Structure formats: structure tokens, C-alpha cells
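If you read the sequence shown in this note's numbering, its first letter stands for residue 35, the second for the next number, and so on. All C-beta atoms in this analysis are idealised placements derived from N, C-alpha and C, irrespective of residue type, glycine included. Predicted model, so just to flag it, every value in this text is computed and none were measured. Read the structure below first, then the notes.
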Amino acid sequence: MTPTRIGILDSGVGGLSVLREIRNLLPSSPLHYVGDSAWCPYGNKDPQTIRERVVEITDYLLSHGAGIIVIACNSATIHAVGHLRATYPVPIVGMEPGVKPAAEKSRAGIVGVLATEASIAGEKFHQLVSRHAQGVRVITRPCPRFVELVESGVLSGSEAEAAIDEILTPILETGADAIVLGCTHYPFLRSIIEARLPDSVFVIDTGVAVARRVESQLPARGNGENVASIQIETTGDLDHLKKLLPTLLPHVECETSHCAI
Ligand code: DGL
Numbered sequence: 035m036t037p038t039r040i041g042i043l044d045s046g047v048g049g050l051s052v053l054r055e056i057r058n059l060l061p062s063s064p065l066h067y068v069g070d071s072a073w074c075p076y077g078n079k080d081p082q083t084i085r086e087r088v089v090e091i092t093d094y095l096l097s098h099g100a101g102i103i104v105i106a107c108n109s110a111t112i113h114a115v116g117h118l119r120a121t122y123p124v125p126i127v128g129m130e131p132g133v134k135p136a137a138e139k140s141r142a143g144i145v146g147v148l149a150t151e152a153s154i155a156g157e158k159f160h161q162l163v164s165r166h167a168q169g170v171r172v173i174t175r176p177c178p179r180f181v182e183l184v185e186s187g188v189l190s191g192s193e194a195e196a197a198i199d200e201i202l203t204p205i206l207e208t209g210a211d212a213i214v215l216g217c218t219h220y221p222f223l224r225s226i227i228e229a230r231l232p233d234s235v236f237v238i239d240t241g242v243a244v245a246r247r248v249e250s251q252l253p254a255r256g257n258g259e260n261v262a263s264i265q266i267e268t269t270g271d272l273d274h275l276k277k278l279l280p281t282l283l284p285h286v287e288c289e290t291s292h293c294a295i
């Protein structure tokens with residue numbers, strides 16, 4: 035059986051933090067990624083615009099052979115996953131900020147959720163909080179600067195540290211002991227985020243859980259002997275993407291191209 039081609043999308047390069055987990059778990063599944071960098075960020079867009087872009091990219095991935103779609107973007111999942119599941123006959127895997135594991139694990143009962151403005155405003159996000167964080171104080175903070183940093187390949191240094199401190203300091207002052215990385219761009223800053231947290235505070239990222247979900251929904255797997263291809267496309271600047279990839283996905287071989295949609 036030919037292994038299913040996995041179509042993955044995000045507003046930009048953030049979803050590559052999910053792609054790397056899928057690659058680790060399913061090395062013989064071909065991956066096709068579209069980063070919508072020409073429209074990045076989604077975080078400040080209205081729900082309809084986000085949905086239209088996600089539909090456009092999904093159509094593109096399906097027309098290029100994807101047999102499963104991974105929305106490697108919390109904002110896009112919150113505003114488009116219902117529509118996609120009602121529209122397309124293939125499995126659609128989405129992702130949401132890890133409020134549930136954070137609320138379960140927090141001893142302080144105070145959780146900081148870093149996510150985009152679009153995610154935090156979404157009805158689905160409010161349902162997530164009321165369903166899984168009863169009795170827990172949830173502090174939400176949009177971090178558009180983190181997205182800009184990752185899109186420009188700045189993953190360390192004083193500029194990134196200052197942006198992180200500005201967000202984390204007021205959250206830590208509340209006594210929160212859990213920080214949820216509720217946007218797929220943020221895991222690329224995880225090591226410097228963790229370095230700036232006290233040991234008592236833990237970080238939640240759902241990338242690995244999403245990869246497991248993809249595995250469970252995958253129509254056909256490879257036999258594990260062959261390492262499959264990875265195609266990474268951007269709607270933005272291809273030269274910029276090529277410069278970023280060695281930093282974001284070191285030692286991962288992939289083909290790159292521009293996607294004109
Ligand atoms: N990576 C995205 C997410 O998970 C969105 C970032 C943005 O475009 O604002 O929400």
C-alpha cells in the first residue's frame with residue numbers, strides 16, 4: 035500500500051514545529067507543507083479571512099495528493115476545523131492550546147496561555163476553557179512579537195529574551211505554574227522561554243500529541259524502511275524560507291518551492 039501523503043498547513047513557518055514531530059514519529063510518510071507566509075500573521079485576521087485561506091490551502095494540498103490534512107495552527111483550527119470536517123471526506127487533524135493538560139497538572143491552579151489574538155477570541159477556545167479548566171484561573175496573553183521573531187529566524191539573543199520577559203513577567207507574578215504554548219510558532223522559542231522560567235513552572239506544547247493523533251488517523255503507513263520526501267512550500271518569499279530552514283529544521287532534507295495561491 036502506498037503511504038498516505040500528509041498535507042500540513044500553517045500561517046507561516048510555525049507549523050514546522052508540528053511537522054518535525056510528525057517526521058520523528060512517521061519517517062516513511064511523505065509530507066507536504068504549505069506555510070501561508072504571504073498572509074502571516076493569522077492572529078490579527080478575522081475568522082472569515084482565516085477560514086477562506088485555510089480552505090484554499092486545503093484544496094491545494096488535496097489536489098496534490100494529500101490523504102489527510104493537519105491544521106498545524108491553533109488559530110486556523112479554532113476558526114476553520116468544523117468547516118473543513120463538514121466539507122472534506124479525508125481525516126482532518128487540528129490542534130488547540132493545551133489548556134486541558136496544563137489545568138490537570140497545575141498545582142497552583144493558575145495557568146498562563148500564550149496564543150494569538152484570533153485564538154483567544156474564538157468561541158472554541160472559550161468552550162475549551164470552560165470544559166477543561168473549571169476552578170482554574172486561566173490568564174491569556176497574545177504574543178504577536180513571538181510570531182514575528184520566528185518568521186524572521188530570531189530564536190535567541192537579547193531581542194527575543196526581552197520580548198519573552200515582557201510577556202512572562204506579569205504572568206509569573208500571578209503565581210502561575212504552567213505556561214501553555216498555544217501557537218505553533220512558539221515552540222521554536224521554547225528553550226529560551228524555559229531558561230527564563232523558575233524550575234517550579236512547566237511548559238505545555240501539544241506538537242507530539244498532534245503527531246500521535248495523525249498516526250492514529252492515517253489511512254496508510256509506510257513500511258518504515260524508506261525515509262519519505264518532505265516538500266515545503268511558502269506563499270511568501272522562497273529565498274527567505276530557504277535561509278530559515280537550516281535554523282528551524284536542522285539536518286532535515288527537504289525540497290522547497292513557492293506556492294502561488
Ligand atoms: N501558528 C499560528 C497558531 O498556531 C498562528 C500565528 C499567526 O499567524 O498569528 O496559532
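Whether residue i touches residue j by CB criterion (8 Å)
| i | j | result |
| --- | --- | --- |
| ALA114 | ILE84 | yes |
| VAL133 | VAL147 | yes |
| GLU55 | VAL181 | no |
| ASP70 | THR208 | no |
| LEU189 | THR290 | no |
| LEU53 | LEU95 | no |
| ILE227 | ILE198 | yes |
| VAL145 | ALA212 | yes |
| LYS206 | THR38 | The sequence as given places Leu at residue 206; Lys does not occur at that position. No, the Cβ-Cβ distance between LEU206 and THR38 is not below 8 Å. |
| ILE264 | CYS293 | no |
| GLY77 | ALA194 | no |
| VAL68 | GLY101 | no |
| ALA106 | MET129 | yes |
| GLY41 | VAL89 | no |
| VAL286 | SER62 | no |
beta-carbon residue i near ligand 1 non-hydrogen atom, thresh 7 Å
| i | result |
| --- | --- |
| HIS219 | yes |
| THR150 | yes |
| SER192 | no |
| ASP239 | no |
| TYR76 | yes |
| ASN58 | no |
| VAL188 | no |
| VAL181 | yes |
| CYS177 | no |
| GLY46 | yes |
| ASN108 | yes |
| SER153 | yes |
Strand pairing of residue i, partner residues [DSSP]
| i | result |
| --- | --- |
| TYR220 | TYR220 is not bridged to any residue. |
| TYR67 | ILE42 and ILE266 |
| LEU148 | ARG175 and LEU215 |
| ILE103 | GLY41 and ILE126 |
| SER190 | Per DSSP, none; premise fails for SER190. |
Buried/exposed call for residue i, threshold 16 Cβ in 10 Å
| i | result |
| --- | --- |
| GLY216 | buried |
| VAL242 | exposed |
| GLY46 | buried |
| GLU259 | exposed |
| ASN257 | exposed |
| ARG119 | exposed |
| ALA229 | exposed |
C-beta neighbour in chain D for residue i, strict 8 Å
| i | result |
| --- | --- |
| PRO125 | The structure shown contains no chain D; it is built from a single protein chain. |
Residue i versus residue j: straight-line alpha-carbon distance, rounded
| i | j | result |
| --- | --- | --- |
| LEU231 | HIS98 | 43 Å |
| ARG224 | ALA167 | 23 Å |
| ALA254 | GLU200 | 45 Å |
| HIS66 | SER234 | 38 Å |
| VAL184 | ASP80 | 22 Å |
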